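With the first letter of the sequence shown counted as 1, position 700 gets the number 700 in UniProt numbering; the numbers rise by one all the way through. For every residue, glycine included, the Cβ atom is placed at its ideal position computed from N, Cα and C. Computed from a predicted structure; not experimentally measured. What follows is a short report on a single structure.
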Amino acid sequence: MNGREMLLLYVTVAFIPDILGFPRRIPIGGLFDSDEMIQKAFEISIKAVNKNFTAAQHAKDIFLIPKTEKINKNAFQVANIACELVSSEVAGIFGPQDKSTASYVQSMCDTLDIPHIVARWDSEPKRSNFFQDLIEEYKWKEYAILYDNADSLIRMNRLLKLPNTTTINAKVFHLGSGLNFRKAMKEVKMSEYRNIVIDCSYNILASVLEQALQVGILSEGYRIIIASMDLQTLNLEPYKYSGVNLTGIRLIDPESSTVQRILQFRPLNWSLPNGSHLKVETALAYDAIQLFASGYARLRDSIKGENFKALFCNGTEIWGHGFSLSNYIRNEQIHGLSGMIKFDTAGFRSEFELDIVNLGSQGLQKVGKWKTNFGFRWKSEHRIPGIDDEKSLRHKHFLVLIALTDPYGMLKESSSIMTGNDRYEGFGIDIIYEMSNILGFNYTFEVQTDNAYGSFNNVTQKWNGMLGKIIADEADLAITDLTITAERETAVDFTTPFMNLGISVLYRKPTSAAPGLLSFLGPFSTDVWLHLIGAYVVVSSLLFVIGKFCPVEWTNPYPCIKEPEVLETPFTLLDTPFLVIGAVLKAATGFAPAGISTRSLAVAWWFFALLMGATYVANLAAALSTKSVVWSFKIVEELAFQQKIKYGAKEGGSTLAFFRDSQHPPYRIMYNYMMDHKAEVLMDSNEKGVWKTQHENYAFLMESSSIEYIKQRKCNVTQIGGLLDSKSYGIAMKKNAPYRTELNRALLRLQENGRIGELQDKWWRQKRGGDTCEEKGKVQVEPLSYEDVKGLFIIMITGIALSWIIAAWAFLWNIRDIAIRHNVSFKEVIIEELKFLIKCSSKKVIKRRKSIETIKSNNTGF
Numbered sequence: 001m002n003g004r005e006m007l008l009l010y011v012t013v014a015f016i017p018d019i020l021g022f023p024r025r026i027p028i029g030g031l032f033d034s035d036e037m038i039q040k041a042f043e044i045s046i047k048a049v050n051k052n053f054t055a056a057q058h059a060k061d062i063f064l065i066p067k068t069e070k071i072n073k074n075a076f077q078v079a080n081i082a083c084e085l086v087s088s089e090v091a092g093i094f095g096p097q098d099k100s101t102a103s104y105v106q107s108m109c110d111t112l113d114i115p116h117i118v119a120r121w122d123s124e125p126k127r128s129n130f131f132q133d134l135i136e137e138y139k140w141k142e143y144a145i146l147y148d149n150a151d152s153l154i155r156m157n158r159l160l161k162l163p164n165t166t167t168i169n170a171k172v173f174h175l176g177s178g179l180n181f182r183k184a185m186k187e188v189k190m191s192e193y194r195n196i197v198i199d200c201s202y203n204i205l206a207s208v209l210e211q212a213l214q215v216g217i218l219s220e221g222y223r224i225i226i227a228s229m230d231l232q233t234l235n236l237e238p239y240k241y242s243g244v245n246l247t248g249i250r251l252i253d254p255e256s257s258t259v260q261r262i263l264q265f266r267p268l269n270w271s272l273p274n275g276s277h278l279k280v281e282t283a284l285a286y287d288a289i290q291l292f293a294s295g296y297a298r299l300r301d302s303i304k305g306e307n308f309k310a311l312f313c314n315g316t317e318i319w320g321h322g323f324s325l326s327n328y329i330r331n332e333q334i335h336g337l338s339g340m341i342k343f344d345t346a347g348f349r350s351e352f353e354l355d356i357v358n359l360g361s362q363g364l365q366k367v368g369k370w371k372t373n374f375g376f377r378w379k380s381e382h383r384i385p386g387i388d389d390e391k392s393l394r395h396k397h398f399l400v401l402i403a404l405t406d407p408y409g410m411l412k413e414s415s416s417i418m419t420g421n422d423r424y425e426g427f428g429i430d431i432i433y434e435m436s437n438i439l440g441f442n443y444t445f446e447v448q449t450d451n452a453y454g455s456f457n458n459v460t461q462k463w464n465g466m467l468g469k470i471i472a473d474e475a476d477l478a479i480t481d482l483t484i485t486a487e488r489e490t491a492v493d494f495t496t497p498f499m500n501l502g503i504s505v506l507y508r509k510p511t512s513a514a515p516g517l518l519s520f521l522g523p524f525s526t527d528v529w530l531h532l533i534g535a536y537v538v539v540s541s542l543l544f545v546i547g548k549f550c551p552v553e554w555t556n557p558y559p560c561i562k563e564p565e566v567l568e569t570p571f572t573l574l575d576t577p578f579l580v581i582g583a584v585l586k587a588a589t590g591f592a593p594a595g596i597s598t599r600s601l602a603v604a605w606w607f608f609a610l611l612m613g614a615t616y617v618a619n620l621a622a623a624l625s626t627k628s629v630v631w632s633f634k635i636v637e638e639l640a641f642q643q644k645i646k647y648g649a650k651e652g653g654s655t656l657a658f659f660r661d662s663q664h665p666p667y668r669i670m671y672n673y674m675m676d677h678k679a680e681v682l683m684d685s686n687e688k689g690v691w692k693t694q695h696e697n698y699a700f701l702m703e704s705s706s707i708e709y710i711k712q713r714k715c716n717v718t719q720i721g722g723l724l725d726s727k728s729y730g731i732a733m734k735k736n737a738p739y740r741t742e743l744n745r746a747l748l749r750l751q752e753n754g755r756i757g758e759l760q761d762k763w764w765r766q767k768r769g770g771d772t773c774e775e776k777g778k779v780q781v782e783p784l785s786y787e788d789v790k791g792l793f794i795i796m797i798t799g800i801a802l803s804w805i806i807a808a809w810a811f812l813w814n815i816r817d818i819a820i821r822h823n824v825s826f827k828e829v830i831i832e833e834l835k836f837l838i839k840c841s842s843k844k845v846i847k848r849r850k851s852i853e854t855i856k857s858n859n860t861g862f
């Protein structure tokens, strides 16, 4: 193998991908069909994450790598492309938008436990609620509905089933399957309906409006509601002066500071004039990636040292953390292009805000807004009389149930005797106080002495605990770490959630692992060590060859003899590798190259060895200052298949109910174990569960928010794994209570102005010993990967290339000089020199004969 081949071999080896260690770069797949703007939003959002321009502060060190593919509606092709993506170790797949092809990808992702993200608006029930509310708000008694497909008809179906259907006259008209919609519109005009709801696909909306203007139903005397949330992106100039009363909705507020900040951030290059040209699915695509990055950051912080896997559609292996990542994403709350984003326990975006806009001479103007669990709020000049008929809560008195559960409700630590509400403090106490300041109601706290929140007794057919008292009218409200569940919502109503969380595991902090025999290899990852070995072999080989090429390196071993018979070189087959390794180990070897080419290579290697050695020592020192730990288990499923660690939950709580109702096999095993050993593992309070965790080999299953509070104060316990589910805490009240809307309004205001977050920080990290166990400045030392030291290898490769060029030039120049001096061909001389080099001899005999053989073997050494 000649030097050129060896150099090419090293360059090939040098770029082996980094597949070991915790991934610093997160690949995410994208499947895109016809809408190029969706793909652009996907790529822009990834760019924003990578530039630390994110809505979530904790996601600022996430770096996403997009892997995009164009697809059509061929299900077989889509399935193959999706399988190729998951085999390339992606952490999630985005798209496609088409429902039919997306279902195939969703099924595959569910099987392999990989998150699947689709930027499509699916909150149809809540959206239908809006149109029902708007019809009732406008007090329409007669109206027509124009629709184009089954989705539209399903969405508008609720308008045909209003509570007072006996007094409502509503009729539906199908626009037709072609591009001519005038027939249906003429039928509407002939029927003399003046109130019209138009729900059609965005692709045909412009044509529908144009033809409606031609037919004459977009004119004075008509009141039109457009159901599309992308109305603002159309050119509405022809309809401004038509006299029609046209109402539209929009999810994206172009005047929002968040929208303007994101669109005006120059590096993102949206190429949009303003927020009015931003479509809903485009905004959702951007927000989806922001949520993914935020959720992944949470997962990374809770599960250390996990790699992505190359998964295969026909295999049985799954990633194992997709469910936890999905739960973290569901628990995130960010302000995105599409407004405040938060999910309910089922994973749907059931809480959102819509702007109501009217078309006038100035274009679309915002006249009000509508929120789920809140209703309408109109601007004063557009306020409809009679809509604000709710009773005021000012001076109303509530009896509020609390439980003495840290930090939601606690007795004050005081040397003086206190009475009434002054006896209590905590997160829940402060929330009620803040809400009373907004709404003006009075309240009295009452402690639930048995700490029972409420469960249904199948024998007595009654609810116990706090919920039982509310149902029996013995109390008005209940606030603590009270989980909103489907079963509880059949008995009582809850406010909008004031906290989102999930079930996790509380367990003792792991012990430190004993250092291994090969721990000295830890500062570098495996690929770096392979690169180092390759670099050592390549440099040793090249230095040996270049030392033979360079005439200056052939010297007289006996300076006293002016015409020596033999020349020698220090670059022998055994000595050269020794000289190279000496530079790495900082050992004096007497190595002093004389030629420019050998010196160039030596300088490049010395510089490389100096910096690599310093890097190794620095990372080794950092690694020795931190100790690796041994985890008894990393995910909750491992508990189900072991016998050493006992585990349990609070008896009668929502956590135990989760395992009872789950169909996931490991969770069923865990529930059966807890019921078989209930006297030993089920606790009647969280405090007893925490004590047992601290003093025994026991894992306690509880809500992540409580775990966060406990591990801030008890330094020998921690959270293990991610979230098993997604749930929320809310304030309970009697079913159909008239004050629910007002309470929701107050809670939403506290969330919007950041007061809820401030209170959470106060009670989790400041009061009652908060931050006692905070591990500040502790950084997990990771082996340096090839990407971290790639620059050093590039410098060395540059030195190798330079020295090779100089050596080749000196060798050929020397051959030319010999050929001219002795009047022989260049080819004959170079063949003889190469034959000598192949012998790998360290000595060269100088013969004085003037024959051609002498000329062929003579090398005077330049």
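1) What does the alpha-carbon distance come out to for the pair Thr449 and Ile402?
2) Is it right to say Lys678 is buried, meaning 16 or more other beta carbons lie within 10 angstroms of its own, or is it exposed?
3) Would you tell me roughly how many angstroms separate the C-alpha atoms of Ile731 and Phe42, rounded to the nearest one?
4) Using only the alpha-carbon positions, how far apart do Leu205 and Ile635 sit?
5) Quick check: the Cα distance between Met702 and Val505, rounded to an integer number of angstroms?
6) Among Tyr193, Leu656, Pro238, which has the Cα closest to the Cα of Thr483?
7) Taking 8 Å as the CB-CB cut-off, is Ile318 touching chain B?
8) Applying the 10 Å Cβ sphere with the 16-neighbour rule, what's the burial state of Thr282?
9) I'd like to know whether the C-beta atoms of Asn195 and Arg223 end up nearer to each other than 8 Å.
10) Just to confirm, does Ser88 get its C-beta within under 7 Å of one of the non-hydrogen atoms of the ligand SAM?
11) Under 8 Å by Cβ, that's how I've got Trp764 and Pro407 pegged, so tell me the actual separation to the nearest angstrom.
12) By Cβ distance below 7 Å, which residues in the same chain neighbour Tyr739 in space, the five residues on each side in sequence not counted?
13) Under three-state DSSP, which class holds Val447?
14) Compare the Cα-Cα distances from Leu532 to each of Thr718, Asp422, Lys790 and report the closest residue.
15) Which same chain residues, not among the five before or five after Ala475, have their C-beta less than 8 Å away from its C-beta?
16) Under a three-way DSSP split, which group does Tyr424 fall into?
17) Is the distance from the Cβ of Ser726 to the Cβ of Phe343 below 8 Å?
18) Go ahead and label Asn74 buried or exposed: buried means 16 or more other beta carbons lie within 10 angstroms of its beta carbon, across all protein chains shown.
19) List the whole-angstrom C-beta distance separating Val30 from Lys67, where the pair is believed to meet the contact cut-off of C-beta under 8 Å.
20) How would you label Gly409, buried or exposed, when you count the other beta carbons within 10 angstroms and need 16 or more for buried?
21) Anyone know if the C-beta pair for Phe173 and Val208 falls short of 8 Å?
22) Using the DSSP secondary-structure output, state which residues sit across from Glu680 in a beta bridge.
23) How would you label Cys715, buried or exposed, when you count the other beta carbons within 10 angstroms and need 16 or more for buried?
24) Taking just the CA atoms, how far does Gly440 sit from Asp422?
25) Going by CA-CA distance only, name the one from Arg713, Arg755, Tyr536 that's closest to Gln694.
26) Could you compute how far the alpha carbon of Leu263 sits from the alpha carbon of Val280?
27) Roughly how many whole angstroms lie between the Cα atoms of Ile46 and Val105?
28) Would you tell me roughly how many angstroms separate the C-alpha atoms of Tyr507 and Ala602, rounded to the nearest one?
29) Where does Asp481 sit, in a helix, a strand or coil, going by DSSP?
30) Shortest alpha-carbon distance to Gly582 belongs to which of Ala604, Ala609, Gln663?
31) Using only the alpha-carbon positions, how far apart do Asn292 and Phe544 sit?
32) Are the beta-carbon atoms of Cys109 and Tyr147 separated by less than 8 Å?
33) Got a sec, what are the start and stop residues for the beta strand (DSSP E) Met733 sits in?
34) Could you tell me if Pro273 is buried or exposed, where buried requires 16 or more neighbouring beta carbons within 10 angstroms of its beta carbon?
35) How would you label Phe700, buried or exposed, when you count the other beta carbons within 10 angstroms and need 16 or more for buried?
36) Taking the beta strand (DSSP E) that Arg223 falls in, what are its first and last residues?
In short, the structure shows the following:
1) Using only the alpha carbons, I get a separation of about 9 Å.
2) Answer is exposed; the Cβ neighbour count stays below 16.
3) Going from the Cα of Ile731 to the Cα of Phe42 covers about 38 Å.
4) Inter-residue distance for Leu205 and Ile635 is about 50 Å (C-alpha atoms, whole angstroms).
5) Answer to the nearest angstrom: the Cα atoms are 6 Å apart.
6) Distance check between Thr483 and each of Tyr193, Leu656, Pro238 places Leu656 closest, using alpha-carbon atoms only.
7) Checking the listed chains, one finds no chain B in this structure; it contains a single protein chain.
8) Around the beta carbon of Thr282, a 10 Å sphere encloses 16 or more other beta carbons of the protein chains shown; the residue is thus reported as buried.
9) Using a Cβ distance threshold of 8 Å, Asn195 and Arg223 count as a contacting pair.
10) The ligand content of the structure shown is nil, which means the ligand SAM is not present either.
11) Right, their Cβ atoms sit about 7 Å apart.
12) Short of 7 Å from the beta carbon of Tyr739, and not among the five residues preceding or following it, lie these beta carbons of its own chain, in chain order: Leu393.
13) When DSSP states are grouped into helix, strand and coil, Val447 belongs to the strand group.
14) Of Thr718, Asp422, Lys790, the residue nearest in Cα terms is Lys790.
15) Result list for Ala475: Leu399, Val400, Leu401, Glu446, Met466, Lys469, in chain order.
16) Here Tyr424 sits in strand by DSSP.
17) Yes, Cβ-Cβ distance for Ser726 and Phe343 is below 8 Å.
18) Label assigned to Asn74: exposed.
19) Before going further, note that residue 30 is Gly rather than Val in the sequence given. The beta-carbon separation of Gly30 and Lys67, rounded to 7 Å, stays under the 8 Å limit for a contact.
20) The residue in question, Gly409, is buried, as its Cβ has 16 or more Cβ neighbours within 10 Å.
21) The answer is no: Cβ separation not under 8 Å.
22) Looking at the DSSP output, Glu680 sits in no beta bridge, so it has no partner there.
23) Exposed.
24) Per the coordinates, the alpha-carbon of Asp422 lies some 18 Å from the alpha-carbon of Gly440.
25) Comparing Cα-Cα distances from Gln694 to each of Arg713, Arg755, Tyr536, the minimum goes to Arg713.
26) Looking at the two C-alpha atoms, the distance is approximately 14 Å.
27) Per the coordinates, the alpha-carbon of Ile46 lies some 21 Å from the alpha-carbon of Val105.
28) The C-alpha of Ala602 is placed about 55 Å away from the C-alpha of Tyr507.
29) For Asp481, the secondary structure class from DSSP, reduced to helix, strand or coil, is coil.
30) Here the closest residue by C-alpha is Ala609.
31) Sequence inspection shows Phe at residue 292; the Asn mentioned does not correspond to that position. Their Cα atoms are separated by approximately 53 Å.
32) Cβ atoms of Cys109 and Tyr147: not closer than 8 Å.
33) Met733 -> beta strand (DSSP E) spans 732–734.
34) The residue in question, Pro273, is exposed, as its Cβ has fewer than 16 Cβ neighbours within 10 Å.
35) The residue in question, Phe700, is buried, as its Cβ has 16 or more Cβ neighbours within 10 Å.
36) Its beta strand (DSSP E) spans residues 223–226.
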